[in-house]
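Novice: Would you mind keeping the following structure in view while I ask a few things?
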Amino acid sequence: MDWYPEPDESTLVRTPIRFATGYAPPVAGSRWFRDTSRRDIQGELPGWPAGPEYRLHAPATQAANRVGGGLLGGLATALKAGMDAVTGNATTVSGASKASGKAQYPADEVEDFPVLWAAPGTRARSLPWQLDPGRRPDRYRVDAAVTERRLVLLGVGSDMTAAADVLWETPRDAIAGAEHLAFSEGGNDLRIRFTDDSWTRLASGDSQKLVGLLSDHRKLLPESALTPAQRERVARFVAELPAAAQAPRFYRLASGAVLVEAQAPAKVGRGLSETHSIFMGETGEPARPQPGDL
9 MDWYPEPDES
19 TLVRTPIRFA
29 TGYAPPVAGS
39 RWFRDTSRRD
49 IQGELPGWPA
59 GPEYRLHAPA
69 TQAANRVGGG
79 LLGGLATALK
89 AGMDAVTGNA
99 TTVSGASKAS
109 GKAQYPADEV
119 EDFPVLWAAP
129 GTRARSLPWQ
139 LDPGRRPDRY
149 RVDAAVTERR
159 LVLLGVGSDM
169 TAAADVLWET
179 PRDAIAGAEH
189 LAFSEGGNDL
199 RIRFTDDSWT
209 RLASGDSQKL
219 VGLLSDHRKL
229 LPESALTPAQ
239 RERVARFVAE
249 LPAAAQAPRF
259 YRLASGAVLV
269 EAQAPAKVGR
279 GLSETHSIFM
289 GETGEPARPQ
299 PGDL
């Protein structure tokens, strides 16, 4: 599954990703591919194999989905690792979050559930079909890798010794922005908007991190940009990390606080990772993330 960026770039995050799945009862378990007139376009996407057909659920089915959704939501909550904002320390397991609030975009979250919104010739229409859980092979996943220069989608098959396939990529300057969509299955959805006004709705356990990077809420810093007090705090943080943890990365957030993150293999399941992090101010003191930081 190895894939490496170019010598002049580094991988800021790599995480499994897929097209999102409807959460509200009328669209639960569904996803659609639309043009800007809400016309179904999945039959027009070049190279895409046939996929499942979805329809809005009848009221009786919606009631059953509400019950099932409540049980699943409770399970996700039980698995979620909490953030200690008082001390500035956090350990989060990828994929552990929950849905919250009401639909922010009812037309796209309750009345319909497009995961692709794209006029002819736009960038979203070029996304690979392997993102679709209803089309991709068993034991196959897609990873999103974000570097300073680009977003890359990688195909990983059942042979873990084989190199990952580069399915798609786009330069960062073709991305107009990204937002986290809390009203979603597991609270893990995000929308990526391209500069040609097309967009896609995806799901990832690292959705908030992806949004922060793709929206430039996080500015990657070299360790040399830290103050002496911050470097001292980082040394204590590194000393407490698991032995298998990767070297930390440093980000300047919108509020001016510095986020320090390090990845380590998760204890709760094979193939999962957990993120150890601290937020700190100018003198290395604990800091709280502010609105817009993440």
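Residue numbers (the numbering used here): 9 to 302.
All C-beta atoms, glycine included, are put in the ideal place defined by N, C-alpha and C.
1) Would you kindly report the start and end of the unbroken beta strand (DSSP E) that includes Glu14?
2) On a Cα-Cα basis, can you pick out the residue from Arg296, Ala270, Pro236 that is closest to Gly264?
3) Tell me whether the stretch 227 to 241 and the stretch 39 to 55 touch, counting them as touching only if at least three CB pairs, one residue from each stretch, are closer than 8 Å.
4) Looking only at its own chain, which residues have a Cβ that is under 6 Å from the Cβ of Leu64, when we skip the five neighbours before and after it?
5) Excluding the five sequence neighbours on either side, which residues of its own chain have a C-beta within less than 7 Å of the C-beta of Gly289, listed in chain order?
6) Which value, in whole angstroms, describes the spacing of the CA atoms of Tyr113 and Val242?
7) How about the stretch 157 to 169 and the stretch 119 to 126: do they share at least three Cβ pairs that are nearer than 8 Å?
8) Which class does Phe287 belong to by DSSP, given the choice of helix, strand or coil?
9) So, helix, strand or coil for Lys217, using DSSP?
10) Could you check whether Ala272 and Ala255 sit closer than 8 Å to each other, using their CB atoms as the reference points?
11) Does the separation of the CB atoms of Leu249 and His225 fall below 8 Å?
12) Give the straight-line distance between the Cα atoms of Glu61 and Val268, rounded to the nearest whole angstrom.
13) Less than 8 Å between the beta carbons of Ala170 and Val160, yes or no?
14) Can you tell me the Cβ-Cβ gap for Ser206 and Arg133, rounded? I've got them flagged as a contact below 8 Å.
15) Short of 7 Å in beta carbon distance, which residues of its chain neighbour Glu14, apart from the five on each side in sequence? Order them along the chain.
16) By a C-beta neighbour count over all protein chains shown, 10 Å radius and 16 as the cutoff for buried, is Val276 buried or exposed?
17) Is the closest heavy atom of the ligand PLP to the C-beta of Pro122 under 7 Å?
18) DSSP three-state label for Asp181, please.
19) Helix or strand or just coil, what does DSSP make of Gln271?
20) Go ahead and pull the three-state DSSP assignment for Gly163.
21) Quick check on Ala253: does DSSP put it in helix, strand or coil?
22) Is Ser212 helix, strand or coil by DSSP?
23) Could you check which residue in Phe258, Leu175, Gly292 has the C-alpha nearest to that of Trp56?
24) Measure the Cβ-Cβ separation of Ala36 and Ala211 and say whether it is below 8 Å.
25) Report all residues from its chain with a CB closer than 6 Å to the CB of Thr291; omit the five preceding and five following residues, and keep chain order.
26) Using CA coordinates, which residue listed in Pro179, Arg158, Thr23 is at the minimum distance from Pro283?
27) Please work out which residues of its chain come closer than 6 Å, Cβ to Cβ, to Pro299, disregarding the five sequence neighbours upstream and downstream, and give them in chain order.
28) Determine the DSSP secondary structure at Gly129, reduced to helix, strand or coil.
Specialist: With the given structure in hand:
1) Secondary structure note for Glu14: it is in no beta strand (DSSP E), with a DSSP letter that is neither H nor E.
2) Arg296
3) no
4) In its chain, beyond the 5 residues on either side, Pro34 have a beta carbon closer than 6 Å to the beta carbon of Leu64.
5) Ala265, Ala295
6) 40 Å
7) no
8) strand
9) helix
10) no
11) no
12) 44 Å
13) no
14) In this structure Ser206 is in contact with Arg133, their Cβ atoms being roughly 7 Å apart against a cut-off of 8 Å.
15) none
16) exposed
17) This structure lacks the ligand PLP, and indeed carries no ligand of any kind.
18) Helix.
19) strand
20) strand
21) coil
22) coil
23) Leu175
24) no
25) Ala237
26) The question names Pro, but residue 283 in the sequence shown is Thr. Considering only alpha carbons, the answer is Thr23.
27) none
28) Shown here, Gly129 sits in coil according to DSSP, grouped into three states, outside any helix or strand.
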